[in-house]
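J.: If you're matching positions, the sequence shown starts at 32 in the working numbering and goes up one per residue. Every residue, glycine too, gets a C-beta built ideally from N, C-alpha and C.
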Amino acid sequence: MSTPRVALVTGATTGLGFALCRALAQAEVAVAVTGRSRSDAEHAAAQLRREGHEQVLGLALDVTDPVSTSRAVTDIHRTFGRLDILVNNAAVAIDPRAAASTVALEVFEATLAVNTTGALRMIQHALPLMRTGGSARILNVVSHMASLGEMTTSTSPAYAVSKTALLAVTRKLAAELAEDDSDIAVNAASPGPVDTRMNYRPGAQSPEDAASTMLWLLLDEKVPSGGFFHGRDPLPW
Ligand SMILES: NC(=O)c1ccc[n+]([C@@H]2O[C@H](COP(=O)([O-])OP(=O)(O)OC[C@H]3O[C@@H](n4cnc5c(N)ncnc54)[C@H](OP(=O)(O)O)[C@@H]3O)[C@@H](O)[C@H]2O)c1
Numbered sequence: 032m033s034t035p036r037v038a039l040v041t042g043a044t045t046g047l048g049f050a051l052c053r054a055l056a057q058a059e060v061a062v063a064v065t066g067r068s069r070s071d072a073e074h075a076a077a078q079l080r081r082e083g084h085e086q087v088l089g090l091a092l093d094v095t096d097p098v099s100t101s102r103a104v105t106d107i108h109r110t111f112g113r114l115d116i117l118v119n120n121a122a123v124a125i126d127p128r129a130a131a132s133t134v135a136l137e138v139f140e141a142t143l144a145v146n147t148t149g150a151l152r153m154i155q156h157a158l159p160l161m162r163t164g165g166s167a168r169i170l171n172v173v174s175h176m177a178s179l180g181e182m183t184t185s186t187s188p189a190y191a192v193s194k195t196a197l198l199a200v201t202r203k204l205a206a207e208l209a210e211d212d213s214d215i216a217v218n219a220a221s222p223g224p225v226d227t228r229m230n231y232r233p234g235a236q237s238p239e240d241a242a243s244t245m246l247w248l249l250l251d252e253k254v255p256s257g258g259f260f261h262g263r264d265p266l267p268w
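What follows is the structure in structure tokens.
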């Protein structure tokens, strides 16, 4: 039997991240379920093992901490020997109802530290191991609010800007990877409104339904690179 593909999902103890881990495990991908709290990550991994998925590892991972991101990749290398899929799902939305002219800069910087720099840090630490495999996929979870056309007063400035910056990171990385001989696709996708701790709006879809809209970018044999999608539909920059 060949070694299964291996995925790392950040911010995966709850919400969309956990649903993505479950969907990947159901597709017979070995999964590192990661979270800031080691016990929450181990608890979430144990839940998936109880559901019959043996190749699941719970790991502590804070995307703002370089020691933590590096250690998580080392642990995955030691346990599975490879890494094929990275999902940058971890995010904070801590500036609700703020305005760009007055948002606290500490909040602005803290948001970018997780949503943008944290995702890039994760990519930088994961890429060397991902490059050793045949092909790999990176998915940056963004939002419809990332689009420059959505920069209205009704969205949170720090959150929206952090996700727009993550779109730019996606494009820069895709351009770089296209110039080497690796088969690593990097894309950004918005799930739309999801019923999680981050979003209490009625009518939002379930985390499981939202996760299913993104799976093709992780599992299909051929995918584009440098795209911004909702489901299979491209979204405007
Ligand atoms: N819900 C929506 O309607 C919606 C819409 C568009 C996009 N999204 C995107 O979907 C993704 C998942 O969000 P969600 O809705 O599932 O919300 P969520 O349940 O709040 O999940 C966010 C996750 O990020 C983790 N996290 C926060 N800071 C972190 C850090 N420094 N290091 C590692 N993990 C960290 C949280 O972990 P802790 O438990 O430790 O705090 C949590 O597990 C996010 O990228 C979000 O922007 C969501």
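1) Have a look at A308 and T142 and give me their C-alpha separation to the nearest angstrom.
2) With a threshold of 6 Å on Cβ separation, who are the neighbours of A196 within its own chain once the five nearest residues in sequence on each side are excluded?
3) Are T163 and R113 closer than 8 Å when you measure CB to CB?
4) Taking the alpha-carbon positions, what's the R152 to D106 distance?
5) Between D93 and ligand 1, is the CB less than 7 Å from at least one heavy atom?
6) If you draw a straight line from the alpha carbon of L198 to that of G258, how long is it in whole angstroms?
7) Helix, strand or coil for P265 per DSSP?
8) With a Cβ-Cβ cutoff of 8 Å, do L249 and I116 count as a contact?
9) Just curious, the beta strand (DSSP E) that V217 is in, first and last residue?
10) Rounded to whole angstroms, what is the Cα-Cα separation between P127 and T44?
11) Kindly provide the ranges of any alpha helix (DSSP H) runs that are 4 or more residues long and lie completely inside the region 89-122, ordered along the chain.
12) Could you name each continuous beta strand (DSSP E) segment of 3 residues or more that falls completely within the region 67-91, going from the start of the chain to the end?
13) Is it true that the CB of H108 sits closer than 8 Å to the CB of L55?
14) Would you call the region 68-80 and the region 129-137 touching, i.e. three or more CB-CB distances under 8 Å?
T.: Quick look at the numbers:
1) Here the chain has residues from 32 to 268 only, and residue 308 is not among them.
2) Taking the sequence shown and counting its residues from 1, the one referred to as residue 196 is at position 165. If we look at A196 and ignore the five residues flanking it on each side, its Cβ neighbours are T147.
3) Position 132 of the sequence shown holds residue 163. Position 82 of the sequence shown holds residue 113. In contact: T163 and R113 (Cβ atoms closer than 8 Å).
4) In the sequence shown, the residue the question calls residue 152 occupies position 121. In the sequence shown, the residue the question calls residue 106 occupies position 75. Going from the Cα of R152 to the Cα of D106 covers about 17 Å.
5) Along the sequence shown, read from residue 1 onward, the residue named residue 93 stands at position 62. Yes, the Cβ of D93 comes within 7 Å of a heavy atom of ligand 1.
6) Indexing the sequence shown from 1 puts residue 198 at position 167. Indexing the sequence shown from 1 puts residue 258 at position 227. Taking the straight line from one Cα to the other gives about 9 Å.
7) Position 234 of the sequence shown, counting from 1, holds the residue named residue 265. Strand, per DSSP.
8) As a first step, residue 249 is located in the sequence shown; it is residue number 218 there, counting from the start. As a first step, residue 116 is located in the sequence shown; it is residue number 85 there, counting from the start. Yes, the pair counts as a contact, with Cβ atoms nearer than the cut-off.
9) Translated into positions along the sequence shown, residue 217 becomes position 186. Under the DSSP assignment, V217 falls in the beta strand (DSSP E) whose first and last residues are D214 to A220.
10) The sequence position of residue 127 within the sequence shown is 96, counting from 1. The sequence position of residue 44 within the sequence shown is 13, counting from 1. Taking the straight line from one Cα to the other gives about 23 Å.
11) Correct list: 97-111.
12) 87-91
13) If you number the sequence shown from 1, residue 55 lands on position 24. If you number the sequence shown from 1, residue 108 lands on position 77. The answer is no: Cβ separation not under 8 Å.
14) Counting Cβ pairs under 8 Å, fewer than three are found: no touch.
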